[in-house]
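Right, one structure below, let's go through it.
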């Protein structure tokens, strides 16, 4: 997920709130996390299980080793410490491009490989990436009540710090607008975290039943091609709509299948057994907004 918006819009708050709407770790997930933290030396001898999903937020000056792991004696990095939880990268374009490119393999495979002279080590790295960035260096691009002082070339250079292949691996691109002060003080009906969490828990239950016989697969994002043919099958109308959208938006093969996975999750959240055109349309709206 990539959150784009001006300073003070609440991007960091939204990222931290994600943990509160996620179900607690299952026993199997907790064992996976506790093994990683044990190898990293971040757990006490008296601690048994970890119930809360990890939330890791490394600074943008973090090195590649700190992010993906390594060292003379290989240890897990932030991507593994965020396993089954959230990896939050604030000021996303400020990370060195070479460091960000290290995310591509774990985002695709769910594991990270650390190679040293003594051998190679693999650590689990199945995390939810939540990145946040301003729309431009000054942060005011596109704001109606403020004037952006950046030149077009500065805006383009800022956005080009994130490579296309990395953006293509991010399923949800969300624009976070600044909230007016008068709206902040208004009293209006809204969903609480507990209500949203109940909906998310229902979707998690659906997915656990779906992959119940698989000991290492829990969620739609982890589906293989064979599983997608079974669980993401759509009728002719949806197939036609999806093909037209893929052509219009010039979706890559990776993007095409990621849209299907997101649509399957949207259907789960809506308690729908089948993927409808509305689900695909919503999933398409979340594709990259950065040009």
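In the numbering used here, the protein residues as written are 12 to 302. By construction, the Cβ of each residue, glycine as well, lies at the ideal position given by its N, Cα and C atoms. These figures come from a predicted structure and were not determined experimentally.
State yes or no: is the C-beta of residue i nearer than 7 Å to some heavy atom of the ligand MN?
i          : result
residue 58 : Of the ligands one can find in the structure shown there are none, so the ligand MN has no counterpart to examine.
May I have the straight-line CA-CA distance separating residue i from residue j, to the nearest angstrom?
i           : j           : result
residue 189 : residue 24  : 13 Å
residue 173 : residue 132 : 28 Å
residue 270 : residue 122 : 22 Å
residue 109 : residue 238 : 33 Å
residue 248 : residue 257 : 14 Å
residue 22  : residue 154 : 16 Å
residue 282 : residue 50  : 39 Å
residue 208 : residue 164 : 42 Å
Can you tell me which of the three DSSP states residue i falls into?
i           : result
residue 133 : strand
residue 228 : coil
residue 186 : strand
residue 271 : helix
residue 167 : helix
residue 144 : strand
residue 236 : helix
residue 220 : helix
residue 81  : strand
residue 301 : With a pLDDT of 47 at residue 301, under the threshold of 50, the modelled position of that residue is not reliable, and the figure given next carries that caveat. Three-state DSSP puts residue 301 in coil, outside helix and strand.
If I measure Cβ to Cβ from residue i and keep anything under 7 Å in the same chain, skipping five residues before and after, which residues do I get?
i           : result
residue 152 : 146, 159, 161 and 166
residue 215 : 34
residue 234 : 242 and 272
residue 277 : 290, 293 and 294
residue 275 : 231, 242, 243 and 286
residue 62  : 35, 36 and 41
Can you find the residues in the same chain that come closer than 6 Å, C-beta to C-beta, to residue i, ignoring five residues on each side of it along the sequence?
i          : result
residue 28 : none
residue 93 : 65, 67 and 138
Counting along the chain, where does the beta strand (DSSP E) carrying residue i start and finish?
i           : result
residue 122 : 122–127
residue 15  : 13–15
Once you ignore the five residues that flank residue i on each side, which residues in its own chain have a CB closer than 8 Å to its CB?
i           : result
residue 261 : none
residue 204 : 28, 31 and 32
At what residues does the alpha helix (DSSP H) containing residue i begin and finish?
i           : result
residue 252 : 247–259
residue 195 : 192–195
residue 90  : 89–92
residue 97  : It is not in any alpha helix (DSSP H) - residue 97 instead sits in the beta strand (DSSP E) that spans 97–100.
residue 175 : 175–179
residue 156 : Unbroken run through residue 156: none, as it is neither H nor E.
Every unbroken alpha helix (DSSP H) inside the stretch 18–78 [4 residues or more] | If we require 4 residues or more, the alpha helix (DSSP H) runs fully inside the stretch 18–78 come out as 22–31 and 38–50.
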